[in-house]
Amino acid sequence: MRTRVRPIRPLLTAVTATALSAALLATGLPAHAATDVTGAPAPVAVSGMPAPAPTAASADSAPADAAPAAAPVTEPTASPTTAPAPPSAPAPAAAEPAREAAALPGPVLLTPAEGDAQVEGTTTFSGTGVAGATIRISVFAAGLRGGGSDAADFLNYSAAVGADGRWSTTETLPVGYWAYKADQELGEELTASEGNVAFTITPASPRITTPTPDARVEGRLRLAGTGAAGSRTVLTIAGGDEPTTVTTPVRADGTWSTEVRVAAGSYAVTAVASHPLPYERDARSIESAPTAPVAVTVTRAADAVRPVLLSPREGDSQVEGETTFSGTGEPDTDLWVYVFPEGDRDYPSDAGESLVFSTRVGADGRWSTTERLPIGIWFMKAEQAAGAAEARPTFTVAPAAPVITSPTADAQVSGRVHLTGTGTAGSRVLVTVAGSGSPRQLTADVRADGRWSIDAGLPSGRYSVTAVGSHLLPLERSERYIRSAASPAVAFSVTGGTAVAVSHRTGLPMTGADPVPLIALTGSLLAAGLALLIVPAVRRRRNALAR
43 MRTRVRPIRP LLTAVTATAL SAALLATGLP AHAATDVTGA PAPVAVSGMP
93 APAPTAASAD SAPADAAPAA APVTEPTASP TTAPAPPSAP APAAAEPARE
143 AAALPGPVLL TPAEGDAQVE GTTTFSGTGV AGATIRISVF AAGLRGGGSD
193 AADFLNYSAA VGADGRWSTT ETLPVGYWAY KADQELGEEL TASEGNVAFT
243 ITPASPRITT PTPDARVEGR LRLAGTGAAG SRTVLTIAGG DEPTTVTTPV
293 RADGTWSTEV RVAAGSYAVT AVASHPLPYE RDARSIESAP TAPVAVTVTR
343 AADAVRPVLL SPREGDSQVE GETTFSGTGE PDTDLWVYVF PEGDRDYPSD
393 AGESLVFSTR VGADGRWSTT ERLPIGIWFM KAEQAAGAAE ARPTFTVAPA
443 APVITSPTAD AQVSGRVHLT GTGTAGSRVL VTVAGSGSPR QLTADVRADG
493 RWSIDAGLPS GRYSVTAVGS HLLPLERSER YIRSAASPAV AFSVTGGTAV
543 AVSHRTGLPM TGADPVPLIA LTGSLLAAGL ALLIVPAVRR RRNALAR
């Protein structure tokens with residue numbers, strides 16, 4: 043029997059389709075894009091199910107010269123290498139790499155620009171940013187520039203970025219040297235400007251109202267005008283040998299004035315405003331542009347004004363502490379106060395200036411200075427370039443009275459009395475105990491800690507005690523002391539005291555020791571001495587008579 047062998051073209055077609063599907067899957071295309079060699083879609087296995095059999099349409103689409111269908115015959119089994127298993131479901135296509143969101147650009151600062159300077163008034167901050175964002179502006183003193191991220195913030199403003207990407211805000215700033223930076227907020231994002239920008243707000247120039255241009259003045263030159271309250275006006279009077287500079291404060295009402303004594307001649311007066319800058323780390327000031335010069339002619343110079351002393355006056359006395367010297371003098375000029383010990387008054391050759399203070403006479407011709415002087419008896423003088431004051435008053439800076447701390451008022455003391463208190467360290471305290479008999483005087487030195495103490499034996503009775511401070515004046519030419527006022531009296535009582543009279547003690551030195559034992563010892567020594575002198579003399583006389 044002759045066996046007809048079935049053509050192997052369909053088997054090759056299936057193998058080819060399977061290989062094509064695998065290649066498409068490797069490139070990311072769906073497997074069903076594969077077709078068999080006949081042009082029909084290749085059967086594809088889905089979710090592990092066997093691929094469907096070819097449809098009639100796929101059979102009809104075979105080439106016309108294909109062999110007709112034959113009766114079923116036994117077909118050899120294909121080897122695994124020639125018939126791979128159908129592919130599983132197609133893998134999902136690989137996702138494209140995600141694009142990173144663009145970072146929010148920082149704001150750009152346009153005005154003020156680095157180094158800009160403008161006269162006090164309003165300042166416009168402007169720049170660019172992201173539409174819809176909020177700009178936070180921080181303005182700080184230029185002296186704090188570079189001092190940290192938040193240590194410098196002083197003034198804060200805000201502005202909104204418009205649809206065109208621009209922002210601006212107009213503010214009024216104090217005069218000074220400033221720097222600013224900006225932060226931009228948009229939702230949760232925050233960006234900052236690059237660095238910071240420094241600029242200056244200068245004060246407006248003052249106005250000179252007196253003298254008027256080309257004025258002619260006789261005597262003292264009076265200058266007046268207006269400026270910013272709290273600032274200072276610095277005046278320059280050019281003419282003659284050297285320019286004269288005068289500084290005067292601007293009052294709360296915005297006016298200023300001063301007087302200057304200059305020689306006869308022609309002058310040009312200019313003024314600048316000087317403002318302190320309290321926001322800077324170090325003391326600084328800023329000046330305005332100078333005013334236009336005002337020409338003036340002084341036809342006759344004013345007479346010099348000698349200083350006058352108003353306080354202290356002759357014979358004044360005050361307790362140690364601060365002393366205020368005051369008087370009048372040539373306006374807007376320096377003045378020196380000399381204070382020296384009263385004992386040097388008769389020695390003008392060396393002047394004895396142990397203490398020297400300086401001050402400046404105001405535009406109104408008045409001056410004062412408060413100083414701390416040591417305890418003593420002083421006299422003073424005052425001098426200016428125009429001359430010295432005629433008066434040389436003497437005054438006293440007295441020590442403060444000592445304080446008695448024990449016994450307390452109306453205390454009951456048994457036996458010896460313990461007297462204590464406070465005073466000026468290095469001084470001596472003179473204590474007076476008044477009661478039965480004559481007053482008793484005792485002394486004690488004040489220790490370095492400002493305390494003093496004395497023990498005294500007193501008879502029973504009622505007493506009162508007072509204390510006076512005594513100070514040596516080391517700056518005097520000879521040894522000299524000054525005493526304080528007496529402390530308030532403290533009353534107390536003694537019980538069980540010593541029954542010794544005290545009336546005979548007042549003439550002894552004030553040492554704080556009890557003199558009674560010394561008196562008894564002295565009497566005994568005198569009696570013994572007399573006995574040694576008298577007994578031999580009596581014996582010699584008796585021997586002479588016996589002969």
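Mind the numbering: the sequence shown is residues 43 to 589 in the working numbering, read in order. Backbone N, C-alpha and C fix where the C-beta goes; we use that ideal spot for every residue, glycine too. Just so we're clear, the structure is a prediction, and the values are computed from it rather than from any experiment.
So the beta strand (DSSP E) residue i belongs to, where does it begin and stop?
i    : result
N238 : Here N238 belongs to no beta strand (DSSP E), and DSSP marks it neither H nor E.
E329 : S327 to E329
D225 : G218 to L228
A490 : From DSSP, A490 is part of no beta strand (DSSP E); its letter is neither H nor E.
A367 : The displayed chain sequence assigns Phe, not Ala, to residue 367. That run of the beta strand (DSSP E) goes E364 to T370.
D158 : D158 to V161
R470 : R470 to A476
T462 : V459 to T464
F196 : Where F196 is concerned, there is no enclosing beta strand (DSSP E), given that its DSSP letter is neither H nor E.
S316 : G307 to P318
E425 : G418 to Q426
E301 : T297 to V302
S359 : S359 to V361
P291 : T286 to P291
Y321 : From DSSP, Y321 is part of no beta strand (DSSP E); its letter is neither H nor E.
V532 : V532 to T537
R519 : R519 -> no beta strand (DSSP E), and no H or E assigned at all.
G267 : L263 to T268
V259 : A257 to E260
R408 : R408 to R414
V203 : Per DSSP, V203 belongs to no beta strand (DSSP E) and is neither H nor E.
R342 : V336 to R342
R249 : R249 to T252
What does the alpha-carbon distance come out to for the pair residue i and residue j?
i    : j    : result
D206 : T176 : 14 Å
G229 : G204 : 16 Å
Q160 : T242 : 6 Å
Y219 : A155 : 13 Å
G261 : T339 : 11 Å
P245 : E329 : 7 Å
D256 : V311 : 11 Å
P383 : T251 : 48 Å
S545 : A533 : In this predicted model, S545 has a pLDDT of only 37, less than 50, meaning its place in the structure is not dependable; the value taken from the coordinates is given anyway. Rounded to whole angstroms, S545 to A533 spans 20 Å at the Cα level.
D556 : V473 : Here the model assigns D556 a pLDDT of 49, short of 50, so the residue's position is not dependable, and the following value carries that caveat. Distance between the alpha carbons of D556 and V473 is about 14 Å.
D295 : A224 : 37 Å
G418 : F437 : 9 Å
S495 : L461 : 5 Å
G269 : T297 : 6 Å
V150 : E322 : 27 Å
R355 : T370 : 14 Å
V398 : G282 : 32 Å
A431 : R348 : 6 Å
S469 : L484 : 14 Å
T401 : P216 : 31 Å
S10  : Q454 : Past the boundaries of the shown model lies residue 10; the chain is included only from 43 to 589, so the question cannot be answered.
G385 : G357 : 15 Å
G549 : R482 : Residue confidence is low: G549 scores 38 on pLDDT, short of 50, so the model does not pin down where it sits. Its coordinate-derived value is still stated next. Using only the alpha carbons, I get a separation of about 10 Å.
A173 : L197 : 24 Å
L351 : E301 : 20 Å
G169 : T214 : 18 Å
V336 : S308 : 11 Å
A621 : T333 : Summary: the structure shown does not reach residue 621, with the chain confined to residues 43 through 589, and so no result is reported for it.
A498 : V403 : 57 Å
S247 : R326 : 18 Å
E452 : G477 : Correcting the residue type first, residue 452 is Asp in the shown sequence and not Glu. The straight-line gap from Cα to Cα measures roughly 14 Å.
P285 : L277 : 10 Å
G465 : G511 : 7 Å
G90  : L232 : Model confidence at G90 stands at a pLDDT of 44, short of 50, so the residue's coordinates are unreliable; what they give is reported in the following sentence. Looking at the two C-alpha atoms, the distance is approximately 54 Å.
Tell me, which residues are paired with residue i by DSSP?
i    : result
L397 : V381
A509 : V473
R662 : No statement about residue 662 is possible, as the shown extent of the chain runs from 43 to 589 and does not include it.
S180 : N198 and K223
L232 : E227
D497 : H460
Using a beta-carbon distance below 8 Å, is residue i in contact with chain C?
i    : result
P147 : Given the protein chain composition of this structure (a single chain), no chain C is represented.
Is residue i near the ligand ATP, going by C-beta to nearest heavy atom under 7 Å?
i    : result
D406 : Absence of the ligand ATP is noted for the structure shown, with no ligands found whatsoever.
Practice task
Would you check if there are 3 or more beta carbon pairs closer than 8 Å linking the region 402-419 to the region 372-383?
Solution key: Contact between the region 402-419 and the region 372-383 is present, because at least three Cβ pairs lie under 8 Å.
Problem - Cβ contact check for the region 418-429 and the region 468-485: 3 or more pairs under 8 Å - result: Contact fails: fewer than three Cβ-Cβ distances are below 8 Å.
Problem - contact_flag[the region 512-528, the region 432-449] where n(CB pairs < 8 Å) is 3 or more - result: With a cut-off of 8 Å, the region 432-449 and the region 512-528 count as touching, because enough Cβ pairs lie within range.
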